[in-house]
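To start, the structure itself, in structure tokens.
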Amino acid sequence: MEKETFYITTAIDYPSSSPHLGHAYEKICADVIARWEGLKGKSVFFLTGTDEHGQKIQRKAAAAGKSPQEFVDEMHLQFKKLCEKLNISHDAFIRTTDETHVKVAEEIFRKVLEKGDIYKGIYEGLYCVECESFYLEKDLAGGNCPVHKKPAETLKEESYFFRMAKYSGRLMKHIESHPEFIQPAGKGIEILNRMKEGVKDLSVSRAGFDWGIPLPNDPKHVQFVWFDALLNYLSGLGYPGKKFEKYWPGVQLIGKDIVWHHTVIFGSILLSAGIPLPKTVLVHGFVNLKGEKMSKSSGTVVDPVELSERFGEDALRYFLIKEIPFGQDGDFSEDALKGRLNNELANDLGNLVSRVLALIEKNCGGKLPEGKVDKELEKALDLKKLEEHMEKFELHHALTEAMGFVLSCNKFINEKKVWELKGKELEDALYSLADALRIISVLMHPFIPRTSEKIAEQLGTKAGSLNEAKFGLINPGTKVKKGEVLFKKI
Ligand code: MSP
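Here's what the structure looks like:
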């Protein structure tokens with residue numbers, strides 16, 4: 001039987017400067033979801049990458065004394081390295097300067113053109129180069145971009161326009177009749193309200209600079225960088241072709257600042273090109289630093305590579321998912337990270353693993369005894385609840401549920417005083433606890449994959465699928481080997 005498929009993407013990052021914790025957070029959330037769907041037995045395709053065209057990149061490259069291509073060839077490597085450091089399980093890394101991407105962007109532009117959805121006009125208005133986005137006067141704060149707090153630039157130039165307004169009725173109907181299209185639901189309501197104020201046609205070409213994909217009908221113009229970038233979700237999946245047929249549509253995970261681009265702009269382009277809309281545009285909040293959005297332009301950034309080297313990538317992954325309720329903003333602080341690392345990972349989880357394995361080594365010569373599953377411990381596992389949280393993308397609740405089971409195991413040891421038990425009672429308790437650890441290694445895998453593999457290895461088992469997150473599956477006689485400490489306290 002063909003496996004069910006699951007496609008997930010992140011936004012593609014501007015490699016105009018080094019990645020920060022906000023970029024890391026998005027990749028981690030996507031990775032948790034991708035790994036979870038994999039645990040369920042689906043065939044997963046996970047795409048991430050870099051958004052390499054546009055004026056912002058061109059200016060940064062010039063300031064660095066490099067050609068744009070040289071600049072992005074160097075800079076994108078930092079984003080690849082970030083993925084590696086965070087143990088992100090992406091299947092492909094798309095760059096918008098990849099030839100395959102450029103071809104797709106040209107093809108889709110041509111389709112939209114042939115549909116009669118492109119016309120020439122003059123664009124006069126306000127533009128923030130940092131956002132690579134147009135603004136209306138009313139959306140600026142004292143003339144400044146609301147995100148970057150820098151003056152928007154006045155642009156007046158010839159431009160090609162995309163008949164976006166034409167699709168707003170169809171798109172609004174789709175949003176209203178598909179509550180899963182924009183999640184969490186509040187973001188869908190925000191978009192609908194904004195659409196009700198009116199959707200204008202979109203300027204989709206720029207003639208004032210040349211770092212982009214030339215228009216097929218007028219090569220003096222390059223594609224608006226967002227038009228080009230949004231198409232990565234198609235090109236990264238090998239559009240048009242078998243892989244695309246197999247996996248499209250899927251989930252596009254993005255931050256809350258680019259929901260309009262992904263729902264209204266991308267949605268209209270897809271409708272015009274006759275391609276099905278994404279199943280879900282999934283929106284996360286911001287990682288803040290002392291209440292302010294972390295961003296390079298405001299100078300408030302934390303380096304995720306350095307953090308993962310200092311604290312371990314699993315501690316960072318765990319912290320971000322547990323600390324920030326998915327869909328909302330959350331604050332980063334090193335103290336809070338240390339607190340969760342010391343208390344939850346080292347004390348609750350790490351100690352549980354080392355205690356159980358030490359008891360098996362001491363009392364059973366390192367071989368798992370035969371035993372009966374403890375009914376109380378079995379009841380403490382509420383897999384259904386965890387699954388429901390994941391279905392609703394409540395990653396923080398799902399992780400709390402998994403950690404709740406860890407706490408139940410600790411409570412079981414303490415209340416039963418397992419270290420004082422003898423004979424059959426001891427064997428039943430140790431068998432149950434070892435099986436619980438195996439289940440924990442399955443449930444924790446999406447969140448802290450390396451640690452989960454270490455737990456399975458120390459238990460003498462293999463990381464399993466979600467089907468195996470039930471009691472009674474570990475084999476008596478399995479040789480356990482207590483390994484290095486899972487988390488060192490800081
Ligand atoms: N290049 C565009 C996206 C194009 S997708 C077709 C872009 N790049 S970005 O580098 O500015 O942001 C990439 C992603 O990181 C976005 O989803 C954005 O919301 C997210 N984040 C950037 N700063 C963030 C935080 N401080 N916190 C969490 N995520 C934020 O936009």
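The sequence shown begins at 1 in this note's numbering and counts up one residue at a time. Glycine included, every Cβ here is placed at the ideal spot set by N, Cα and C. Remember, predicted model here, so these are calculated numbers, not experimental data.
Would the beta-carbon of residue i fall within 8 Å of that of residue j?
i	j	result
Phe227	Leu237	no
Val199	Ala229	no
Ala429	Lys411	no
Val259	Lys187	yes
Arg35	His445	yes
Phe46	Gln183	no
Leu271	Leu171	yes
Cys128	His101	no
Lys27	Thr5	no
Leu368	Gly464	no
Phe487	Leu381	no
Asp335	His20	no
At the level of alpha carbons, what is the spacing between residue i and residue j?
i	j	result
Leu277	Asp210	30 Å
Gly483	Gln458	6 Å
Tyr123	Lys156	5 Å
Asn144	Gly125	14 Å
Ile33	Ile213	32 Å
Lys385	Gly41	19 Å
Lys138	Asp348	51 Å
Val264	Val480	54 Å
Ser295	Gly365	54 Å
Phe286	Asp257	9 Å
Tyr7	Val251	6 Å
Lys424	Arg438	21 Å
Ile189	Pro179	10 Å
Arg340	Ala61	40 Å
Asp218	Arg206	11 Å
Phe447	Gly255	20 Å
Thr50	Lys454	32 Å
My understanding is that residue i touches residue j, with C-beta atoms under 8 Å, so please give their C-beta distance in whole angstroms.
i	j	result
Val373	Gly472	5 Å
Glu313	Leu86	5 Å
Ala427	Gly371	The amino acid at residue 427 is misidentified as Ala; the sequence shows Glu. Right, the Cβ-Cβ distance comes to about 4 Å (below 8 Å), so this counts as a contact.
Gly54	Glu132	5 Å
Ser354	Leu377	Not a contact, Cβ separation roughly 18 Å.
Leu231	Ile108	5 Å
Ile360	Ala469	That belief does not hold up - the Cβ atoms of Ile360 and Ala469 are roughly 21 Å apart, past 8 Å.
Using 10 angstroms around the beta-carbon of residue i, count the other beta-carbons present and answer buried if the total reaches 16, otherwise exposed.
i	result
His76	buried
Val485	exposed
Gln328	exposed
Asn414	exposed
Thr154	exposed
Thr48	buried
Lys322	buried
Thr97	buried
Leu136	exposed
Lys293	buried
Any beta-carbon of chain C closer than 8 Å to the one on residue i?
i	result
Glu334	Looking for chain C here will not work: only one protein chain is present.
Would you say residue i touches the ligand GTP, meaning its beta carbon is less than 7 Å from a heavy atom?
i	result
Gly255	Annotation note on the ligand GTP: not contained in the displayed structure, which lists the ligand MSP as its ligands.
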